[in-house]
Every structure is written in C-alpha cells, then in structure tokens.
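Visitor: Residue numbers (the working numbering), protein chains in the order written: chain F, 1 to 116; chain S, 1 to 117. Heads up, the beta-carbon is just placed ideally off N, CA and C, and yes, glycines get one too. Handing you this structure, nothing more for now.
Here it is as structure tokens:
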C-alpha cells in the first residue's frame with residue numbers, strides 16, 4: 001500500500017530534550033515536506049526537500065533541522081524543543097514535477113507533540 | 001505573496017442537505033495548482049482533488065463537485081446530499097510552481113463542516 005508513515009504518532013517530552021520525528025514514504029517520491037498545524041495559525045511549511053541531500057527552509061524553520069540522506073526518509077529533528085513547538089506535525093511527499101508542473105502531495109497521519 | 005481565504009469558519013447542516021464550501025485565492029503565478037483536502041476528526045489530511053490553472057472544467061466525483069472560476073479566483077466545493085461521515089475540516093490550498101518555496105502548499109484556514117443526523 002502506497003503511504004507516508006510518521007513515528008511516533010504521539011509524543012510528550014520536556015523542554016530541551018532532543019527528539020526526532022521520522023517520516024518515510026514508499027512511493028519513490030522525490031519531494032518531501034514538513035508542516036505544522038496550530039489553532040488559529042493553520043498549516044505552515046517548516047522545511048522541504050526536492051531530493052536526496054537537497055533541503056530548504058519553509059516559512060517557519062526556526063528550531064528545526066532536517067536531513068535527506070535517503071530518498072524514502074525525511075526526519076524532522078528538534079535539537080532543543082520548547083513549549084512553542086507543541087503542535088500537530090505532518091510529513092508530505094509527492095513526485096517531483098518538471099518545470100511548473102506540480103504533483104499532488106500526500107500526507108502522513110500526523111504526529112501530535114506536546115513539549116512541557 | 002500567495003493567499004487562500006476560506007471565509008466560512010464553520011458550517012452546520014442537516015443530513016441530506018447540499019452544502020458549498022467557498023475558497024478564494026490570490027497569486028501572481030500564471031500557472032498554479034489548487035487543492036482540497038479533508039481532515040476528519042481522526043486528524044489525518046486526505047487529498048480530495050487537484051486542479052491546475054489552465055483547466056476550468058468543473059469536476060464531479062460522486063456526491064462531490066468542484067467549481068473553478070479563474071475570473072473570480074474561486075475554487076468552491078459542493079457536497080450534495082451530505083452525510084454524517086462528511087463531518088470534517090476542509091482545507092483549500094494553493095501551490096507554488098517554481099522559484100523559492102517550490103511545491104509549498106499555502107492553506108486556507110479551513111472550514112469546519114458538521115453534518116447532523
């Protein structure tokens with residue numbers, strides 16, 4: 001089954017304790033992205049990657065790191081989490097379009113993070 | 001800058017009623033893509049439809065239909081004969097097609113649809 005998976009689905013942690021949220025897709029997609037969803041602020045892009053070893057910042061990258069060492073995986077790293085990073089996080093992936101052509105992004109199930 | 005506006009924050013209907021969710025967008029791109037996603041109470045984001053800026057044909061899929069009007073920058077979504085299972089938050093989104101922020105989805109704030117039995 002074609003899918004985007006995220007782990008963990010739920011996480012409670014404390015301020016400053018490094019954590020990684022994993023994202024994996026089995027569709028051989030080039031493009032992957034992370035979003036966070038917050039009440040009143042909606043969905044905002046954190047980072048994206050157009051292919052292996054190619055990553056770039058989205059709208060709200062502060063406090064996050066990413067890496068893309070393999071095509072299927074795009075982990076989100078919070079080096080020193082703070083309470084304002086409490087959110088619902090989504091990973092998404094799509095085939096890479098050419099020129100101005102855009103493929104549809106499919107989302108993982110989400111990770112609910114609470115930072116105390 | 002791109003912007004998507006879903007003016008209806010919440011809509012409440014009774015089962016079997018038709019309901020239209022409005023979406024208005026702003027973009028300077030000449031080529032762009034519009035999407036609708038559904039977020040049920042379980043929280044995942046489910047893709048419903050994609051439209052590119054060159055295709056203004058309306059689309060129907062079962063009880064769902066979409067009306068794309070470039071002249072008014074609108075991409076409205078209608079559910080015919082609504083059902084309780086349609087209760088969800090619905091997001092309209094617009095994507096960048098090049099340059100910086102390639103592929104970034106700009107989402108509207110979402111419309112909470114509640115269908116009562």
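1. What ranges does the beta strand (DSSP E) occupy inside the segment 47 to 95 of chain S, keeping only unbroken runs of at least 3 residues that lie completely in it?
2. Which residues mark the beginning and the end of the beta strand (DSSP E) in which residue 54 (chain F) is found?
3. So the beta strand (DSSP E) residue 23 (chain F) belongs to, where does it begin and stop?
4. Below 7 Å between beta carbons is the criterion; list the residues of the segment 44 to 71 of chain S that meet it against any residue of chain F, in chain order.
5. Since residue 74 (chain S) contacts residue 22 (chain S) with CB under 8 Å, what's their CB separation in whole angstroms?
6. Spell out a yes or no on whether the segment 90 to 110 of chain S and the segment 28 to 45 of chain F are touching, meaning 3 or more CB-CB pairs, one atom from each, closer than 8 Å.
7. Quick one: list the residues of chain S neighbouring residue 88 (chain F), beta-carbon separation under 9 Å, in chain order.
8. Rounding to the nearest angstrom, what Cα-Cα distance links residue 39 (chain S) and residue 9 (chain F) in this structure?
9. Between residue 44 (chain F) and the ligand GTP, is there a pair consisting of the residue's CB and a ligand heavy atom that are separated by less than 7 Å?
10. First and last residue of the beta strand (DSSP E) that includes residue 10 (chain F)?
11. Look at the alpha carbon of residue 81 (chain F) and the alpha carbon of residue 14 (chain F), and state the distance between them as a whole number of angstroms.
12. Kindly indicate which residue of F:84, F:51, F:79 and F:65 has the alpha-carbon position closest to the one of residue 71 (chain F).
13. So the candidates are S:59, S:79 and S:9; which of them puts its Cα closest to the Cα of residue 109 (chain S)?
14. Contact criterion: CB-CB distance below 8 Å. Does residue 27 (chain F) meet it with respect to chain S?
15. Using the Cβ count rule (16 or more neighbours within 10 Å means buried), how would you classify residue 63 (chain S)?
16. Taking 8 Å as the threshold (beta carbon to beta carbon), is residue 107 (chain F) in contact with chain S?
17. In three-state DSSP terms, what is residue 6 (chain S)?
18. Using only alpha-carbon positions, find the residue among F:54, F:53 and F:78 that is nearest to residue 63 (chain F).
19. With DSSP collapsed to three states, give me the class of residue 45 (chain F).
20. Per the DSSP calculation, residue 30 (chain S) is bridged to which residue(s)?
21. Checking 8 Å against the spacing of the C-beta atoms, do residue 18 (chain S) and residue 96 (chain S) come in under that value?
Guide: So, from the data block:
1. 59 to 61, 64 to 69, 74 to 79 and 88 to 95
2. 54 to 57
3. 19 to 25
4. 44, 45, 47 and 50
5. 7 Å
6. yes
7. 43
8. 16 Å
9. Summarising the ligand content, the structure contains no ligands, and the ligand GTP is consequently not present.
10. 10 to 13
11. 7 Å
12. F:51
13. S:9
14. no
15. exposed
16. yes
17. coil
18. F:78
19. strand
20. Residue 30 (chain S) pairs with nothing; no bridge assigned.
21. no
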